[in-house]
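*Asks:* In the working numbering, the protein residues as written are 29 to 525. Think of the CB as a built atom: it goes at the ideal place given N, C-alpha and C, for glycine as much as any other residue.
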Amino acid sequence: TDHPRHCLSARFRVERALACSWKTCSATRGIRARVSWNTQPHIADDIDQWLPPRVAAALQAHGIRTLADLTVRIPRRRRWWTAIDGLGTAGARHVEAFFAAHPTLTERARALVAAAPSGPIVPWEQLRVPHEVDGSQGQFRAPPHVCLLKASNDYEAVQSWLSLHESAATQRAYRKEAERLILWAIVERGCALSSLTTDDAIAYRAFLRRPTPRERWVGPSRPRQSVEWRPFSGPLSTRSAAYALTVLAALFRWLVEQRYVLANPFAGVKVRGRVKTGLDVTRGFTEGEWLLLRTIADGLEWSFGWSEAAAQRLRFLLDFGYATGLRASELTGALLGDIRVDEHGDHWLHLVGKGSKTGKVALPALARMALDQYLVQRRLPVTRERWDPATFIVASLAENGTGIEATRLGRVLRRFFVLVADSIKDERPAMAEKLRRASPHWMRHTHASHALARGAELIMVRDNLRHVSISTTSTYLHGDEVKRARQFDQAFGVPGR
Numbered sequence: 029t030d031h032p033r034h035c036l037s038a039r040f041r042v043e044r045a046l047a048c049s050w051k052t053c054s055a056t057r058g059i060r061a062r063v064s065w066n067t068q069p070h071i072a073d074d075i076d077q078w079l080p081p082r083v084a085a086a087l088q089a090h091g092i093r094t095l096a097d098l099t100v101r102i103p104r105r106r107r108w109w110t111a112i113d114g115l116g117t118a119g120a121r122h123v124e125a126f127f128a129a130h131p132t133l134t135e136r137a138r139a140l141v142a143a144a145p146s147g148p149i150v151p152w153e154q155l156r157v158p159h160e161v162d163g164s165q166g167q168f169r170a171p172p173h174v175c176l177l178k179a180s181n182d183y184e185a186v187q188s189w190l191s192l193h194e195s196a197a198t199q200r201a202y203r204k205e206a207e208r209l210i211l212w213a214i215v216e217r218g219c220a221l222s223s224l225t226t227d228d229a230i231a232y233r234a235f236l237r238r239p240t241p242r243e244r245w246v247g248p249s250r251p252r253q254s255v256e257w258r259p260f261s262g263p264l265s266t267r268s269a270a271y272a273l274t275v276l277a278a279l280f281r282w283l284v285e286q287r288y289v290l291a292n293p294f295a296g297v298k299v300r301g302r303v304k305t306g307l308d309v310t311r312g313f314t315e316g317e318w319l320l321l322r323t324i325a326d327g328l329e330w331s332f333g334w335s336e337a338a339a340q341r342l343r344f345l346l347d348f349g350y351a352t353g354l355r356a357s358e359l360t361g362a363l364l365g366d367i368r369v370d371e372h373g374d375h376w377l378h379l380v381g382k383g384s385k386t387g388k389v390a391l392p393a394l395a396r397m398a399l400d401q402y403l404v405q406r407r408l409p410v411t412r413e414r415w416d417p418a419t420f421i422v423a424s425l426a427e428n429g430t431g432i433e434a435t436r437l438g439r440v441l442r443r444f445f446v447l448v449a450d451s452i453k454d455e456r457p458a459m460a461e462k463l464r465r466a467s468p469h470w471m472r473h474t475h476a477s478h479a480l481a482r483g484a485e486l487i488m489v490r491d492n493l494r495h496v497s498i499s500t501t502s503t504y505l506h507g508d509e510v511k512r513a514r515q516f517d518q519a520f521g522v523p524g525r
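(1) Roughly how many angstroms lie between the CA atoms of Gly119 and Gly361, to the nearest whole one?
(2) I'd like to know if the segment 378-390 and the segment 476-484 are in contact, where contact means that at least 3 CB-CB pairs between them fall below 8 Å.
(3) For the alpha helix (DSSP H) containing Lys462, name the first residue and the last one.
(4) Starting from Trp376, follow its DSSP beta bridges and name the residues at the other end.
(5) Of all the options Arg494, Gly483, Arg465 and Ala484, which has the alpha carbon lying nearest to the alpha carbon of Pro248?
(6) Below 8 Å, how does it come out for the segment 333-348 and the segment 388-403: are there three or more Cβ pairs, yes or no?
(7) So Leu425 and Phe445 are in contact, right, with Cβ under 8 Å, and what is the actual spacing, rounded?
(8) What do you reckon, are the CB atoms on Ala269 and Arg233 nearer than 8 Å?
(9) According to DSSP, is Phe260 part of a helix, a strand, or is it coil?
(10) Shortest alpha-carbon distance to Arg343 belongs to which of Trp109, Leu437, Val83 and Ala129?
(11) Can you give the Cα-Cα distance for His70 and Gly114, rounded to whole angstroms?
(12) So, under 8 Å CB-CB, Leu87 and Leu98 are touching, yes? Tell me the CB distance rounded to an integer number of Å.
(13) First and last residue of the alpha helix (DSSP H) that includes Trp318?
(14) Does the beta-carbon distance from Leu273 to Ala185 come in below 8 Å?
(15) Give the range of the alpha helix (DSSP H) segment to which Thr435 is assigned.
(16) Ignore the nearest five residues each way along the sequence and tell me which others in Trp65's own chain have a CB closer than 7 Å to its CB.
(17) Helix, strand or coil for Leu354? Go by DSSP, reduced to three states.
(18) In chain order, what residues of the same chain have a beta carbon less than 6 Å from the beta carbon of Thr226, not counting five sequence neighbours either side?
(19) Would you check if the distance between the CB atom of Tyr183 and the CB atom of Val215 is smaller than 8 Å?
(20) Taking buried to mean at least 16 other C-beta atoms within 10 Å of its own C-beta, is His555 buried or exposed?
(21) Looking only at its chain, what residues have a beta carbon closer than 8 Å to the beta carbon of Pro409, apart from the 5 residues adjacent to it on each side?
(22) Can you have a look at Ile487 and say buried or exposed, based on whether 16 or more other CB atoms are within 10 angstroms of its CB?
(23) Any idea what DSSP makes of Phe344, helix, strand or coil?
(24) Ordered along the chain, which non-local residues of its own chain (more than five positions away) have a Cβ less than 6 Å from that of Arg494?
(25) Throw me the rounded Cβ distance for the Ala295 and Phe168 pair, which I believe falls under 8 Å.
(26) Can you tell me which residues form a DSSP beta bridge with Val123?
(27) Can you tell me which of the three DSSP states Phe420 falls into?
(28) To the nearest angstrom, how far is the alpha carbon of Ala458 from that of Thr314?
(29) Considering only residues of the same chain and omitting the five flanking positions on each side of Ile112, which have a CB-CB separation below 7 Å?
(30) With 16 as the cutoff for other CB atoms within 10 Å, does His173 come out buried or exposed?
(31) Given a cut-off of 8 Å on the beta-carbon distance, is the pair Phe126 and Trp78 in contact?
(32) Would DSSP call Asp73 helix, strand or coil?
(33) For Ile210 and Glu285, what's the separation of their Cα atoms in angstroms?
(34) Just reading off the alpha helix (DSSP H) that Trp189 is part of, what are its end residues?
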């Protein structure tokens with residue numbers, strides 16, 4: 029299947045730019061060919077001026093015509109020549125000996141790549157991987173006749189793996205890890221995904237903790253179609269790096285099972301100091317922080333210039349999300365028809381959650397009041413009997429009644445969190461920094477912590493969050509740290525003071 033993918037790297041665009049800018053030098057190159065015994069090679073030279081005819085013919089058949097092409101397109105890896113039909117080990121020795129004798133060629137080509145205006149880093153859906161590193165001849169590819177996939181290259185194989193997962197959120201999460209690895213493999217290691225070794229996997233683990241060069245890999249959040257998009261927003265934490273390695277190990281394990289590759293380079297590669305997987309309860313808001321957020325949300329129209337519709341939707345997202353603890357994908361996928369009232373008069377939102385598991389979430393008074401107000405603002409009936417069951421609970425700002433994606437919800441809430449951070453950075457710098465790290469999932473953590481602090485039973489909170497294990501929910505059982513510090517200070521104060 030063809031994909032609308034851009035050229036992967038400036039280093040593979042350079043050859044065309046060089047060819048155009050150096051056409052005028054063709055006559056000069058002809059002269060240089062006749063007197064090459066008295067000159068030094070230049071990256072603009074045709075390869076047949078400097079390499080044996082058989083070697084040059086094999087390279088030219090592969091689209092490599094100048095020394096510039098050869099310098100920027102041939103990865104410096106063991107057995108790099110196997111991707112070029114007809115070259116062989118003897119021809120490869122000629123090439124390697126030539127570059128060893130003229131090291132300035134490589135330096136000059138790298139300088140041209142660094143100066144190229146287009147960056148090599150593009151998102152998954154825009155990738156166009158050069159043939160020599162697309163995995164069609166990957167070093168650890170299994171024999172094609174035993175492979176269970178129709179994929180002819182690494183991109184197609186990974187795409188098949190992503191297709192296994194029906195959840196859009198899971199696909200996005202897994203795609204991000206595969207995207208980062210395949211870009212790193214090609215740009216930094218000069219090889220295909222299916223040529224990665226265990227040494228490469230260990231090097232990638234270090235790269236996750238410090239993506240370098242920073243200007244190539246790290247940048248602020250931008251739309252995926254933006255030229256400023258980058259795969260990382262910063263170094264990964266221990267937890268995030270461990271998650272990435274777990275996903276990649278699962279990817280390669282599946283590729284081995286499908287007999288696409290022979291081995292899993294990420295098997296056994298772990299992160300030192302990894303803590304037990306659990307919920308980071310610091311990623312939530314205290315009672316006071318939440319009250320401040322909600323107070324600022326009440327003044328978005330006149331204090332910050334938000335439209336009335338956008339401000340009303342934001343307040344609904346805060347109240348309804350806080351009161352229910354829904355995940356972002358659950359919130360954006362919910363319909364009015366999913367709300368039901370049982371024989372006791374209690375309101376429930378029925379849904380399909382993480383792992384395609386069905387469940388239901390209680391709708392307390394705060395959630396019901398927020399929904400009623402939001403429906404009135406959208407000029408929709410409040411009475412359940414008059415509802416259109418296909419109406420999305422969270423709507424786009426357009427008047428066509430459509431819903432929004434979970435990614436859009438994330439951008440809306442992050443915009444609000446950053447706005448608040450900018451407003452309070454002078455008075456409350458610690459909270460401002462916290463808000464800049466906040467995500468929609470923090471409301472789920474806040475919901476659980478506040479419910480338990482206000483007396484809700486642990487097992488009830490577990491059921492509402494739909495956790496498999498109550499030990500997961502119990503991580504939200506924590507006291508007020510300020511209160512704890514003061515009480516122990518009183519209990520163990522310095523005598524006589």
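*Replies:* Answer, in terms of the structure:
(1) Counting only the Cα atoms, Gly361 lies some 59 Å from Gly119.
(2) no
(3) Pro457 to Arg465
(4) Arg368 and Ala390
(5) Arg465
(6) yes
(7) Incorrect: roughly 19 Å between the Cβ atoms, too far for contact.
(8) The answer is yes: Cβ separation under 8 Å.
(9) Looking at Phe260 - three-state DSSP - the assignment turns out to be strand.
(10) Leu437
(11) 25 Å
(12) 6 Å
(13) Glu315 to Ala325
(14) no
(15) Ala434 to Ile452
(16) For Trp65, the pLDDT reaches just 41, beneath the cut-off of 50, and the residue's location in the model is therefore unreliable, leaving the point undetermined.
(17) Of the three classes helix, strand and coil, the one that applies to Leu354 here is coil, per DSSP.
(18) Pro293
(19) Result no, Cβ atoms of Tyr183 and Val215 do not sit closer than 8 Å.
(20) With the chain covering 29 to 525 only, the question about residue 555 has no answer from this structure.
(21) Leu403 and Trp415
(22) exposed
(23) For Phe344, the secondary structure class from DSSP, reduced to helix, strand or coil, is helix.
(24) Gly381 and Gly387
(25) Not really, about 13 Å apart at Cβ, beyond 8 Å.
(26) Paired residues: none, contrary to the question.
(27) strand
(28) 13 Å
(29) Ala86, Leu87 and His90
(30) Flag for His173 reads exposed.
(31) yes
(32) coil
(33) One C-alpha to the other measures close to 20 Å.
(34) Asp182 to Ser191
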